[in-house]
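S.K.: Residue numbers (the UniProt record's numbering): 1 to 206.
Below is a structure I'd like to ask you about.
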């Protein structure tokens, strides 16, 4: 069994020449993205489309880093802020209307724990799934194999090692659910502050 197939089956694999050839292709696209004119929004959008393939109004503020690009699947209106890293050895599936603050990192890759085994160059990938309407706060780290539900907010600086259920505010290291998101949160802005009347009318709130 070749190493690309082993990787895609989530088995132990080695990044051989065939695997690295796919990474080289990705790095050439990242070179264009990360050194593009930051004010050329249309040009950046085209490069993001080339990197991710099928996407609907996805936006990435460079710099951005990943291994393959084709293993990242995003929904409508995806937004990643500066310095996002997605190590997409396995699939990373992200739903609609997901926001990532600066310095978010999503890891699917892992290595054996025992030193001699780890030094053999074998590694593995476990997919990460993120639902719709998820906001990952700045410096959040999502670890291999994690599933994050729909309508979730992850607080800044969190390390997500286990699954997070729908409609949750979660934070910490390790990340834990703090509370559920309810109708009472509809007009909340920051802490105890609420969205002002003018903005609320523009949103169409009632």
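The beta-carbon is built from N, C-alpha and C at its ideal position, and this holds for glycine as well.
Since the structure is predicted, the reported quantities are computational estimates derived from the model, not experimental observations.
What is the rounded straight-line gap between the Cα of residue 158 and the Cα of residue 100?
M.R.: 13 Å
S.K.: With distances taken from CA atoms, which of 38, 93 and 163 is nearest residue 55?
M.R.: 93
S.K.: Quick one: Cα of residue 43 to Cα of residue 14, how far?
M.R.: 35 Å
S.K.: Runs of 4 residues minimum, wholly inside the region 27-54: which ones carry the alpha helix (DSSP H) assignment?
M.R.: You should have 41-52.
S.K.: So, is residue 120 buried or exposed, given that buried needs 16 or more other C-beta atoms within 10 angstroms?
M.R.: Exposed: under 16 other Cβ atoms inside 10 Å.
S.K.: When you compare only the Cα positions, how much space is there between residue 77 and residue 59?
M.R.: Near 7 Å, if we compare the C-alpha coordinates of residue 59 and residue 77.
S.K.: Pairing CB atoms from the region 145-160 with CB atoms from the region 168-178, are three or more of them under 8 Å?
M.R.: yes
S.K.: Can you confirm whether the region 5-19 touches the region 36-51 when touching is taken to mean that 3 or more C-beta pairs between the two stretches lie within less than 8 Å?
M.R.: They do not touch, by the three-pair rule.
S.K.: What are the boundary residues of the alpha helix (DSSP H) that residue 183 is part of?
M.R.: Where residue 183 is concerned, there is no enclosing alpha helix (DSSP H), given that its DSSP letter is neither H nor E.
S.K.: Does the Cβ of residue 113 have 16 or more other Cβ atoms within 10 Å, making it buried, or fewer, making it exposed?
M.R.: exposed
S.K.: List the DSSP bridge partners of residue 85.
M.R.: 65 and 105
S.K.: Tell me where the alpha helix (DSSP H) around residue 201 begins and ends.
M.R.: 197-203
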